[in-house]
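Here's the structure, in structure tokens; my notes come after.
In our numbering, the protein residues as written are 87 to 729.
Structure (structure tokens):
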């Protein structure tokens, strides 16, 4: 693997002028303004017989501006500036690339490198709009320094409003970012930014890879949003989709030059059976240029601070993870079933980002557990900084769905939360957008279900279902946060137990926006219990910010008591104690302390209590109590305290 990576990197250095120049191809491909005011156009269309540029600028004459055929399937065109020195293609004008296919058919296409595409309300397909404003947005604030403790707020701009509509970049900038900052999250991960024709795809059927989605606003609106986030010290990650592409041809990459092998594998190898989308040919030189330049563009033009790579498991294996389970056996990760070209691309991508933008962060969404995926490329690893701990939310769902409270297995919970390779960083999460989608249920909805409609008011009785749901919601999040990894993620709204599910407007729901929104207003109503969960999530993050347990070594678990249903562990100098017993509380309960010093007494106080009144608890603990350690061996440690 490393040999394949090294050879391709060497070819880039020797034949393309280096990694820096190769990944800045987005400045020359597509339609770009030259220094003298003219327009320089370049496309890769190996299957085309001829290529033309048409649009508003030439009255939509399809043949007046032909491209010149170059080597290796490339086509180039230069349009000189007008007599008055003005650009021949004005800002905001519509364009199309006209392809004469091998069968003689004329195809009107959007450039794969288009920076801005829009759709009129009365149309089905998107139009390519030349984006070259006289004055682009200028970033005012530097990117935050690389974070040690990453607390990620997974977000979708379009649903980030209580109103039933597509929300805007502006709304997110001025209404959502302050909320994220207040909650103690230091990183926002943006979904569905790369343009996608089908809103209900959640952004995972990308049609224009270099275009920021116009349904939320302009490219400058997005740049301002990221700049404001940086001013708050918030790192901004892009949910990047390089694992597949939409099958759209009129306004997507598919069959750009009339063939099925431009950018993608030909035939069945180039189609994902479950996603009904096209699969990239990562061995193709121009595909590498396209994808690597895409990453570079988002970093340099928009100032994104890194990426969460979607669908990595599908990329890593020729079977794409379909109908395949992963047990951890190393034979599952090495063999002819591994797509070495895709893995090499990921190594190149991470090497490029680390070499040219070392402050950036990369995250892999991989369910298979590929070894060394989060180790440096120089070690033969994949080069990612983090991977998602995808087994954790599945475990919580399985426990809540299948087991009575009395049957919860403490050892199994601890094993799932700690089962990770040493020195490969994991992002722990109790639930993400996957669990919020229609057809699934969030933790809050699984725990409280229909009673969320009737009993979340403080004016109504605290029923056993609501009481249990609120308490477990807090405990599950805290133990996942503190024990599950080296970073933490939460999907927007889930921090306060957002009711119901997430469903985008589509035919099946009469194009309704009712479930495609986030009701942040629920936390602002003092008569609703959602504010308790919101406050706990905020204070949990603030406590981590103070002590930094995510950046600390893995926790030492001192107790996982099955009959008592108690889990206790130490991390970052803190003692975490969880009582998952459905009805039994304890007095004079002995737990070990983190230090081994003899003849030294340590004093402990409560810092965070899920049973506190401000979090919807029963206030059974006195926070003024001081707990003193004593030289009393317990669970193989010399010191302990009674709580």
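Where a beta carbon is used, it is the ideal one built from N, C-alpha and C, also for glycine. No experiment lies behind these values; they were computed from the predicted model shown.
query: Buried/exposed call for residue 313, threshold 16 Cβ in 10 Å; result: buried
query: Under 9 Å between C-beta atoms of residue 237 and residue 627; result: yes
query: 8 Å contact criterion, which residue 508 and residue 571 should meet: CB distance rounded; result: Not really, about 13 Å apart at Cβ, beyond 8 Å.
query: Cβ-based burial, residue 575 [other Cβ within 10 Å; buried from 16]; result: buried
query: Beta-carbon gap between residue 245 and residue 603 smaller than 9 Å; result: yes
query: Segment contact flag, the region 630-640 with the region 529-539, C-beta cutoff 8 Å, min 3 pairs; result: no
query: Where residue 422 falls: helix, strand or coil (DSSP); result: coil
query: As assigned by DSSP and simplified to three states, the class of residue 647; result: strand
query: contact_flag[the region 546-555, the region 259-272] where n(CB pairs < 8 Å) is 3 or more; result: no
query: 8 Å contact criterion, which residue 742 and residue 343 should meet: CB distance rounded; result: The chain is shown only over 87 to 729; residue 742 falls outside these bounds and no answer can be derived.
query: Whole-angstrom C-beta distance between residue 183 and residue 129, which should lie under 8 Å; result: 6 Å
query: At least three beta-carbon pairs within less than 8 Å, the region 397-416 to the region 152-170; result: no
query: Residues sharing a beta bridge with residue 53, DSSP; result: This structure cannot settle anything about residue 53, because the visible part of the chain is limited to 87 through 729.
query: Cα-Cα separation between residue 412 and residue 482, rounded to whole angstroms; result: 19 Å
query: Host beta strand (DSSP E) of residue 529 (start-end); result: Not the beta strand (DSSP E): residue 529 falls in the alpha helix (DSSP H), residues 529-534.
query: Candidates 582, 299, 372, of which the one nearest residue 265 by Cα; result: 582
query: Under the three-state DSSP convention, the category residue 363 falls into; result: strand
query: Beta-ladder partner(s) of residue 273, from DSSP; result: 238, 321
query: Residue 550 versus residue 90: straight-line alpha-carbon distance, rounded; result: 59 Å
query: Bridge partners - residue 152, DSSP secondary structure assignment; result: 138
query: Collapsed DSSP secondary structure at residue 486 in the structure displayed; result: helix
query: Residue 695, DSSP secondary structure in three states; result: coil
query: Residues near residue 341 by beta carbon distance below 6 Å, same chain, minus five either side; result: 335
query: DSSP-derived helix/strand/coil call for residue 620; result: helix
query: Spatial neighbours of residue 728 in its chain, beta-carbon cut-off 6 Å, leaving aside the 5 residues before and after; result: 674, 676
query: Residue 608 (DSSP reduced to helix, strand or coil); result: helix
query: Inter-residue CB distance, residue 349 and residue 373 (contact presumed, cutoff 8 Å); result: 6 Å
query: Three-state class that DSSP yields for residue 582 in the structure shown; result: helix
query: Pair within 9 Å by beta-carbon distance, residue 299 and residue 282; result: yes
query: Residue from 247, 498, 617, 242 whose Cα sits closest to the Cα of residue 600; result: 247
query: Cα-Cα separation between residue 385 and residue 648, rounded to whole angstroms; result: 49 Å
query: Continuous beta strand (DSSP E) assignments of at least 3 residues falling wholly in the region 460-531; result: 472-474, 512-514
query: At least 3 beta-carbon pairs within less than 8 Å: the region 657-676 vs the region 558-568; result: yes
query: C-beta contact flag for residue 112 and residue 380 at 9 Å; result: yes
query: C-alpha distance - residue 504 paired with residue 573, whole-angstrom precision; result: 13 Å
query: Candidates 414, 453, 459, of which the one nearest residue 434 by Cα; result: 459
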